[in-house]
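Step one of this worksheet: look at the structure below.
This is how it looks when you write it as structure tokens:
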């Protein structure tokens, strides 16, 4: 186990294997070559039972709602072009 904190830029792949949620936590690194694409590297792998994963998602949604109510964040409206048509 690591000591201290691990900075995470986001979530990569999320999958379910044998009833467990597997979540890749990623960081974005600068490009190797100037002008190149940044690298997205998986640095940690979180595994949790599905009920706890659902609870985590619900808790995070609640935190986002409270941040929005306090004016700390604002949701972006989806543009017409980005919505898929049926």
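In the working numbering, the protein residues as written are 57 to 142. Glycine residues also receive a C-beta, built at the ideal position from the N, C-alpha and C atoms.
Residue i - DSSP class collapsed to helix/strand/coil
i: residue 110; result: helix
i: residue 100; result: strand
i: residue 130; result: coil
i: residue 75; result: coil
i: residue 141; result: At residue 141 the pLDDT is 47, less than 50, meaning the model places this residue with poor confidence; the figure from the coordinates comes in the next sentence. It is coil, neither helix nor strand.
Residue i to residue j span [Cα, whole Å]
i: residue 71; j: residue 100; result: 14 Å
i: residue 116; j: residue 88; result: 34 Å
i: residue 73; j: residue 103; result: 10 Å
i: residue 142; j: residue 132; result: Bear in mind that the predicted position of residue 142 carries a pLDDT of just 44, short of 50, making it unreliable; the figure below should be weighed with that in mind. Approximately 22 Å, taken between the alpha carbons.
For residue j and residue i, believed in contact at Cβ under 8 Å, the rounded distance
i: residue 98; j: residue 68; result: 6 Å
ask   = Can we say the stretch 70 to 84 touches the stretch 92 to 110, given the rule of at least three CB pairs closer than 8 Å?
value = yes
query = Can at least three beta-carbon pairs, one atom from the stretch 119 to 129 and one from the stretch 81 to 92, be found at a separation below 8 Å?
reply = no
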